[in-house]
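Just below is one structure, and these are the notes that go with it.
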Amino acid sequence: MSNIRVRFAPSPTGYLHIGGVRTALFNWLFARQNKGTFILRIEDTDQSRSTEESIQAILEGMRWVGLDWDEGPYRQTERMELYRRHAMRLFEQGRAYWCICRAEELEARRKEAEAKGLSPKYDGRCRDLGITAPTGDAALRFRAPQEGQTVIDDLIKGRVVFDNSVLDDLIILRSNGYPTYNFSVVVDDALMNITHVVRGDDHLTNTPRQIPMFQALGYPVPRFGHLPMILGSDKTRLSKRHGATSIMAYKEMGYLPEAMVNYLARLGWSHGDQEIFTREELIEKFSFDHVQKSSAVFNPEKLLWVNAHYIQHGAPSRIAQALVPYLEQAGLKEEIKAVSAEWLERLVVTVRERTKTLVEMVTWATPYFGQDVAVEEEAAKKFLTPAIVPALTKLKVGIEGAVEFSKARLEEVFRGVLEEEGLKMAQLAQPVRVALTGRAASPGLFDVMELLGRERTLHRLQKGIERAKAALS
RNA sequence: GUCCCCAUCGUCUAGCCUGGCCUAGGACGCCGGCCUUUCAAGCCGGCAACACGGGUUCAAAUCCCGUUGGGGACGCCA
Numbered sequence: 001m002s003n004i005r006v007r008f009a010p011s012p013t014g015y016l017h018i019g020g021v022r023t024a025l026f027n028w029l030f031a032r033q034n035k036g037t038f039i040l041r042i043e044d045t046d047q048s049r050s051t052e053e054s055i056q057a058i059l060e061g062m063r064w065v066g067l068d069w070d071e072g073p074y075r076q077t078e079r080m081e082l083y084r085r086h087a088m089r090l091f092e093q094g095r096a097y098w099c100i101c102r103a104e105e106l107e108a109r110r111k112e113a114e115a116k117g118l119s120p121k122y123d124g125r126c127r128d129l130g131i132t133a134p135t136g137d138a139a140l141r142f143r144a145p146q147e148g149q150t151v152i153d154d155l156i157k158g159r160v161v162f163d164n165s166v167l168d169d170l171i172i173l174r175s176n177g178y179p180t181y182n183f184s185v186v187v188d189d190a191l192m193n194i195t196h197v198v199r200g201d202d203h204l205t206n207t208p209r210q211i212p213m214f215q216a217l218g219y220p221v222p223r224f225g226h227l228p229m230i231l232g233s234d235k236t237r238l239s240k241r242h243g244a245t246s247i248m249a250y251k252e253m254g255y256l257p258e259a260m261v262n263y264l265a266r267l268g269w270s271h272g273d274q275e276i277f278t279r280e281e282l283i284e285k286f287s288f289d290h291v292q293k294s295s296a297v298f299n300p301e302k303l304l305w306v307n308a309h310y311i312q313h314g315a316p317s318r319i320a321q322a323l324v325p326y327l328e329q330a331g332l333k334e335e336i337k338a339v340s341a342e343w344l345e346r347l348v349v350t351v352r353e354r355t356k357t358l359v360e361m362v363t364w365a366t367p368y369f370g371q372d373v374a375v376e377e378e379a380a381k382k383f384l385t386p387a388i389v390p391a392l393t394k395l396k397v398g399i400e401g402a403v404e405f406s407k408a409r410l411e412e413v414f415r416g417v418l419e420e421e422g423l424k425m426a427q428l429a430q431p432v433r434v435a436l437t438g439r440a441a442s443p444g445l446f447d448v449m450e451l452l453g454r455e456r457t458l459h460r461l462q463k464g465i466e467r468a469k470a471a472l473s
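Residues 1 to 473 in this note's numbering are what the first sequence lists, from first letter to last.
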């Protein structure tokens, strides 16, 4: 294990979303590639917005996509003592001071400054008051450097320089005693020996505020990497308006976690022209050098294509195993128990190429369960007509008489009927298809028969014949 | 408003660092064709981009400057 340590630090204020997963993924890939440590840390210092439910949702999402963590999940609310102690240390060093401005006053002043077109930063009026023992509500502010520059050699953006004159005296301890984000993140990253802070580039301007705190506290400054944002189709930050953003929503829609990972990895990162990567390849080939600097638009259609690819090319056993819960959810629990794993895999293989999600796959798979099949009205009306009865009957008799129930033999019988009846392939195939699957579209007929087996094939054929006979005339 | 980041087909991107191999490549989507028992899948083909303006250079998608456009940050949110 190397000394490389990275973390994913979501705040539990909602579900784990796509952007968070990608940030986590890049951290995870970097850790795994370097035999480093991947840490999960929950940033829940905002009591009013953090929920236990969100924490659980984050863990569930992480597990689903297979991003396993080596340490944590730590929760910042369990580390309060650490933040307070570090804050007091800064105070004692003269690097922090008590501010007795009220929140409403600050808000008002900010608005006023903004209205005048001035910078809305804190005016520093408590900076030199020298308050040592505040009474009532007071917040602790970090005394930010005002001169010189802070330079970041970003793993992705390259060299970024900020004038310290733009820096604000940030509140590090709220009047309720809780630390604020910019402070707790520094204390934790320092104490957890984080070597590389990889996060969304919405944090880029937070970085020059944090670096002086690492320095004031006497901790080494980690390296930073700022990932570009993921945007919606209208090029604004991805949000609910753009459709599903919760990672678990994609599970529900029938996406494979390996497809999500592959798509998200390729969103903002590339390795030449390669589109499909195994998890091992991702770990091996990932590099910050090839992470895009600019933001990327989330494209659900490409995601769907990647998912279809995994469904169509994955190991049948893997797809079958992933499909089962969806089948169960569709009310086929008992039916699944009755079939073998081997049969289920054959089913997957025959239906998967017309399927882009597992949910879609359920729709294609249902006709193969149970003795009878629900026949779509429209399909029956069009293909199960009295005129086709002789041919259907002849086919049924032929199959009954066949010694062997194999695809090759079945086709021979079928073609024999075609010839005797003077029919074209499609003229008989469609009625048979409807009788067997209840629909006008299905996999190849002989695959269907093989999947159904002799008994059900004959049974459904018979039902089809009866229905065709009864149709008007 | 101030600061920061970014800019190649509609979208994801290769190429940019180390200028010529770029008549700018791949992928998704779209359009057309082939295959075909249906629906798909597959295969073949097509449409489609270096934001703009100046430089530097024999030569610029590639280097420099500016403009424009987009995004982000400026909270006792994270």
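We put the CB at the ideal spot given by N, CA and C, even for glycine.
Taking DSSP as the reference, what is the three-state secondary structure of residue i?
i, result
"GLY158", "strand"
"ALA503", "Absent from the model: residue 503. The displayed extent of the chain is 1 to 473, so no value can be given."
"LEU140", "strand"
"SER246", "strand"
"THR135", "coil"
"GLY331", "helix"
"VAL166", "helix"
"ARG102", "coil"
"LEU358", "helix"
"VAL373", "coil"
"HIS271", "coil"
"TYR97", "strand"
"ILE230", "strand"
"ILE276", "coil"
"ILE4", "coil"
"THR560", "No statement about residue 560 is possible, as the shown extent of the chain runs from 1 to 473 and does not include it."
"ASP289", "helix"
"ALA338", "coil"
"ALA501", "Nothing about residue 501 can be reported from this structure: the residues present for the chain run from 1 to 473 only."
"VAL221", "coil"
Starting from residue i, follow the beta strand (DSSP E) in both directions and report where the run begins and ends.
i, result
"GLU71", "71-75"
"GLY200", "196-200"
"TYR15", "It is not in any beta strand (DSSP E) - TYR15 carries neither H nor E in the DSSP assignment."
"TYR83", "Premise fails: TYR83 lies in the alpha helix (DSSP H), 80-92, not in any beta strand (DSSP E)."
Based on Cα-Cα distance, which residue from the options lies nearest to residue i?
i, options, result
"GLU78", "ASP188, HIS459, GLY66 and GLY422", "ASP188"
"THR437", "CYS101, ARG143 and VAL373", "VAL373"
"TRP269", "TYR74, TYR255 and ALA296", "ALA296"
"SER239", "PRO134, THR45 and TYR15", "TYR15"
"GLU127", "GLN146, THR135, LEU118 and ARG63", "Sequence check: residue 127 is Arg here, not Glu. The residue with the shortest Cα to Cα distance from ARG127 is GLN146."
"LYS235", "SER294, LEU264 and VAL261", "SER294"
"VAL348", "HIS313, GLN329, LYS381 and ALA379", "HIS313"
"GLU376", "GLY464, LEU332 and VAL351", "GLY464"
"ARG95", "GLY218, ILE247, GLY254 and LYS337", "GLY218"
"HIS203", "ALA9, THR37 and ARG32", "ALA9"
"HIS86", "GLU105, LEU140 and ARG63", "LEU140"
"ALA138", "ARG409, ASN176 and GLU92", "ASN176"
"ASN27", "MET62, ALA57 and GLN56", "MET62"
"PHE414", "LEU392, ARG460, ASP70 and PHE288", "LEU392"
"GLU284", "GLN462, ASN3, GLU301 and ALA265", "ALA265"
"GLU40", "ARG7, GLY66, ALA133 and PHE30", "Strictly speaking, residue 40 in this sequence is Leu, with Glu absent from that position. Cα-wise, what sits closest to LEU40 is ARG7."
"MET80", "THR37, GLU60 and TYR181", "TYR181"
"PRO208", "ILE100, GLY422, PHE183 and LEU231", "PHE183"
"GLU258", "LYS407, GLU360, VAL21 and ILE4", "VAL21"
"PRO212", "GLY200, LYS333 and THR150", "THR150"
Go to residue i, then tell me how far its alpha helix (DSSP H) extends in each direction, as first and last residue.
i, result
"VAL306", "300-313"
"PHE414", "407-421"
"ALA341", "341-351"
"ALA379", "377-383"
"VAL389", "389-401"
"PHE446", "445-470"
"VAL432", "425-437"
When you measure from the CB of residue i to every non-hydrogen atom of the ligand MG, does any distance come out below 8 angstroms?
i, result
"PHE183", "Absent from the structure shown: the ligand MG. Ligands present: none."
(request) Would you check if there are 3 or more beta carbon pairs closer than 8 angstroms linking the region 220-227 to the region 149-167? (result) These segments touch.
(request) Just list the alpha helix (DSSP H) runs in the region 17-72, keeping only unbroken ones of 4 residues or longer that don't cross its boundaries, in chain order. (result) Taking only runs of at least 4 residues, the alpha helix (DSSP H) segments lying wholly in the region 17-72 are 18-33 and 52-64.
(request) Assess, as a yes-or-no matter, whether the region 440-456 is touched by the region 368-382 under the definition of 3 or more beta carbon pairs within less than 8 angstroms. (result) The region 368-382 is in contact with the region 440-456.
(request) Scan the region 173-219 and note each continuous alpha helix (DSSP H) run of 4 residues or more that stays entirely inside, going in chain order. (result) DSSP runs (the alpha helix (DSSP H)) wholly in the region 173-219: 181-191 and 207-217.
(message) Assess contact between the region 160-167 and the region 191-199, defined as three or more Cβ pairs (one per stretch) separated by less than 8 angstroms. Is contact present?
(response) No: fewer than three Cβ pairs fall under 8 angstroms.
(message) With three or more beta-carbon pairs closer than 8 angstroms as the criterion, would you say the region 344-360 touches the region 431-447?
(response) Verdict: yes, contact present.
(message) Contact between the region 47-57 and the region 107-114 is defined here as three or more beta-carbon pairs at a separation below 8 angstroms; is this criterion met?
(response) No: fewer than three Cβ pairs fall under 8 angstroms.
(message) Does the structure place the region 95-106 close enough to the region 116-127 that three or more beta carbon pairs sit under 8 angstroms?
(response) The way I'd put it, the region 116-127 does touch the region 95-106; three or more beta-carbon pairs between them come closer than 8 angstroms.
(message) Is it the case that the region 272-284 contacts the region 316-332, given that we only count it when at least three CB pairs across the two stretches are under 8 angstroms?
(response) Verdict: no, contact absent.
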